[in-house]
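Visitor: Before anything else, here's the structure in question.
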Amino acid sequence: MTSTRSDLKKIIMDTKTLPTLPMVIQKLNSLSENDKSSVQEMAKIVASDQVISARILRLANSPSYGFYRVSTISNAMILLGVNVVKSLALSSSIFAIMEKDIVGLWEHSLGVGAAANLIARKLELPECEEIATAGLLHDIGKVIISIKCRDAEKEIIKLVRERQIYTMEAELEIIDTDHAEVGGWLAKCWFLPDKLGEPIAFHHDVAASKNHRIKTAVVHIADVLICASGLSNSGESFVPPIQEIAWDTLKLNERLLEELVDEIEDKLVEVKNFSLQMMAD
Amino acid sequence: MQKIPLMLAKAGMILGRDVFRGDSPIGMPLCGKDTELTDSLIARFEHMDVKTIHVEGHPVWEEGEHSIDDLLRQLDVRFSKTLQEPLNAALYNIYKAYLTRSMGGDSDQHTK
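Protein chains in written order, with the working numbering: chain A, 549 to 829; chain B, 210 to 321.
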């Protein structure tokens, strides 16, 4: 190890080369926190980004919402809700940052996002869309490590393969931190709300999540289930242990778990097709 | 459930999911899940530009596809570090039963 953890934090978080969130998201975030802002104002901001607009209209016109021919962003926002639109806008930006060559991580992240959404809906938790976004972003630290410390990343992957250990153990050994902590740093840099930042930073240590433990627990369980399904990322092949605190927080039981596995596997067919399409594009 | 190209669809297979025109999930479904395929239905899908469908069980085997034994072996490797944990052991049994079921075999889940 050549640098101390704090040096590494500086390198990783060097703002000049850190991927930035588009202005659309930042404006949307600040507007949605203001009680006085209107849907029309937000729709105007969203409409300035054609990729995000297209995604939102596509979702609003999908059969799951049952309304057809929604053609304006403001109608779509009323129909879908501001939170859904925000999550969608954030996820499309993340996809732009994630490189196509890390397909394994792509698939894994998409899978965890979908699984977190299913778990949240099944347990009738509030803010399902936010939980799904947290799931999608939970390994964003790995993307940053890959962008900022290419050589260290290669060593980490090598160590994982050679010693058959978890990625986190290898990360700690090589860079003295892990992807969850790096993701937490990034969430802070991007001023993401804590309800996204905590699940990202603590998805491997649910007990450390103080304010959003339920959301963190959902992302942890979603991560375990997706690893169990075989959609694990970048060479890691072992299922992490299910943390009892997450199991207890969500009041899970074996029957629920069995139903979740069925529903998640069904959903994963779509995820796999989606990533295959992305690779073909 | 298995996703197959429409070319490989045969009368008697059961739809595992709704079928949409041109594989697009937008719009009204052409045919609902649980429907048994007939030759005329397959011809109609072809006409409607449907490329793939989901069918129950695992009726079509493709080259390079993993057998149930391979899938269970991979599952064993994935759980090899955590099988002694009771919660992970429960998840392992659920996945084992799921894989067996999805490949058309009998689930031994309730006999674990």
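Just so it is clear, CB atoms sit at the ideal spot from N, CA and C, and this is done for glycine as well.
So, are the CB atoms of L224 of chain B and I262 of chain B less than 8 Å apart?
Guide: It is a contact, given that the beta carbons lie within the stated cut-off.
Visitor: So, is R617 of chain A buried or exposed, given that buried needs 16 or more other C-beta atoms within 10 angstroms?
Guide: When all chains shown are included, R617 of chain A counts as exposed.
Visitor: Using the beta-carbon of each residue, which ones in chain A are nearer than 9 Å to T244 of chain B?
Guide: Within 9 Å Cβ-Cβ: nothing; T244 of chain B doesn't reach chain A, min ~17 Å.
Visitor: Does the segment 673–688 of chain A come close enough to the segment 731–743 of chain A to have 3 or more Cβ pairs within less than 8 Å?
Guide: They touch, by the three-pair rule.
Visitor: So, is G689 of chain A buried or exposed, given that buried needs 16 or more other C-beta atoms within 10 angstroms?
Guide: The residue in question, G689 of chain A, is buried, as its Cβ has 16 or more Cβ neighbours within 10 Å.
Visitor: Using a Cβ-Cβ distance under 8 Å, would T309 of chain B count as near chain A?
Guide: So no, T309 of chain B is outside the interface.
Visitor: Output, in chain order, the set of chain A residues within a Cβ distance shorter than 9 Å of V286 of chain B.
Guide: Those within 9 Å of V286 of chain B in chain A are S785 and F786.
Visitor: Exposed or buried, which one is A715 of chain A when buried takes at least 16 other CB atoms within 10 Å?
Guide: Per the sequence shown, the amino acid found at residue 715 of chain A is Thr instead of Ala. Burial call: buried.
Visitor: Using only CA atoms, which one of B:V269, B:M216, B:K242 and B:E255 lies nearest to R230 of chain B?
Guide: With distances taken between Cα atoms, R230 of chain B lies closest to B:E255.
Visitor: I'd like to check one pair, Y307 of chain B with F288 of chain B: are the Cβ atoms closer than 8 Å?
Guide: No, these two residues do not count as a Cβ contact at 8 Å.
Visitor: Check for me: the alpha helix (DSSP H) holding I722 of chain A runs from which residue to which?
Guide: Start and end: T715 to I723.
Visitor: Do you know whose CA, among A:E672, A:Q712, A:K670 and A:I723, lies nearest S694 of chain A's CA?
Guide: Among A:E672, A:Q712, A:K670 and A:I723, the Cα nearest to that of S694 of chain A belongs to A:I723.
Visitor: Taking the CB atoms as reference points, tell me whether V766 of chain A and L638 of chain A lie closer together than 8 Å.
Guide: Taking 8 Å as the Cβ cut-off, V766 of chain A and L638 of chain A do not qualify as a contacting pair.
Visitor: Which one of B:M312, B:G221, B:L215 and B:K260 has the shortest CA to CA distance from H281 of chain B?
Guide: In the sequence as displayed, the identity of residue 281 of chain B is Leu instead of His. Residue B:M312 is the option with its Cα nearest to L281 of chain B.
Visitor: Over what stretch of residues does the alpha helix (DSSP H) that includes K763 of chain A continue unbroken?
Guide: R761 to A776 is the extent of the alpha helix (DSSP H) around K763 of chain A.
Visitor: If you measure between the beta carbons of L744 of chain A and E675 of chain A, is that distance less than 8 Å?
Guide: The answer is no: Cβ separation not under 8 Å.
Visitor: Can you look up K290 of chain B in the DSSP assignment and give me helix, strand or coil?
Guide: DSSP places K290 of chain B in coil when its eight states are reduced to three.
Visitor: Under 8 Å, CB to CB, which of the residues in the segment 785–811 of chain A have a partner in chain B?
Guide: The segment 785–811 of chain A vs chain B, Cβ under 8 Å: S785, F786, V787, P788, P789, I790, E792, W795, E802, L805, E806, V809 and D810.
Visitor: Note the first and the last residue of the continuous beta strand (DSSP E) segment covering T261 of chain B.
Guide: T261 to V264 is the span of the beta strand (DSSP E), which, as asked, contains T261 of chain B.
Visitor: In chain A, which residues lie with their C-beta within 7 Å of the C-beta of K290 of chain B?
Guide: The answer, in chain order, is F786.
Visitor: Quick one: using the 10 Å Cβ neighbour count with 16 as the cut-off for buried, is K763 of chain A buried or exposed?
Guide: Looking at its Cβ environment, which holds 16 or more other Cβ atoms inside 10 Å, K763 of chain A is buried.
Visitor: Which term fits P214 of chain B, buried or exposed, when burial requires 16 or more other beta carbons within 10 angstroms of its beta carbon?
Guide: So P214 of chain B ends up on the exposed side.
Visitor: Sort out for me which residues DSSP pairs V228 of chain B with in a bridge.
Guide: V228 of chain B is bridged to B:C240.
Visitor: Helix, strand or coil for Q211 of chain B? Go by DSSP, reduced to three states.
Guide: If DSSP states are grouped into helix, strand and coil, Q211 of chain B belongs with the strands.
Visitor: So, with DSSP's three-state summary, where would you put I833 of chain A?
Guide: The structure shown does not extend to residue 833 of chain A, since chain A is modelled only from 549 through 829, so no value can be given for it.
Visitor: In terms of alpha-carbon separation, which member of A:R761, A:L576 and A:I705 lies closest to I593 of chain A?
Guide: Selected option, being the one with the closest Cα: A:L576.
Visitor: Let me check one thing: in DSSP terms, what residues is I223 of chain B bridge-paired to?
Guide: Bridge partners of I223 of chain B: B:E245.
Visitor: Looking at the C-beta of K321 of chain B, does it have a partner C-beta in chain A at a distance below 8 Å?
Guide: Because the pLDDT at K321 of chain B is just 37, under 50, the model does not fix this residue reliably, and the point stays unresolved.
Visitor: Measuring straight from C-alpha to C-alpha, what distance separates R253 of chain B and K260 of chain B?
Guide: If you take the alpha carbons of R253 of chain B and K260 of chain B, they lie about 12 Å apart.
Visitor: Would you kindly work out how many angstroms separate the C-alpha atoms of K634 of chain A and I573 of chain A, rounded to a whole number?
Guide: Each residue's Cα considered, the two are about 7 Å apart.
Visitor: Where does N801 of chain A sit, in a helix, a strand or coil, going by DSSP?
Guide: In this structure, N801 of chain A counts as coil in the three-state DSSP scheme.
Visitor: Taking DSSP as the reference, what is the three-state secondary structure of L707 of chain A?
Guide: Note: L707 of chain A maps to helix in three-state DSSP.
Visitor: Based on Cα-Cα distance, which residue from A:V599, A:E655, A:V754 and A:C697 lies nearest to K557 of chain A?
Guide: The option with the nearest alpha carbon to K557 of chain A is A:C697.
Visitor: Is the segment 618–633 of chain A close to the segment 589–603 of chain A, with three or more CB pairs under 8 Å?
Guide: Because the criterion of three Cβ pairs below 8 Å is met, the segment 618–633 of chain A and the segment 589–603 of chain A touch.
Visitor: Please report how far the alpha carbon of M571 of chain A lies from the alpha carbon of S580 of chain A, in whole angstroms.
Guide: Their backbone Cα atoms lie some 14 Å apart in a straight line.
Visitor: Could you tell me the distance, in whole angstroms, from the CA atom of D583 of chain A to the CA atom of L808 of chain A?
Guide: Cα-Cα distance, rounded: 36 Å.
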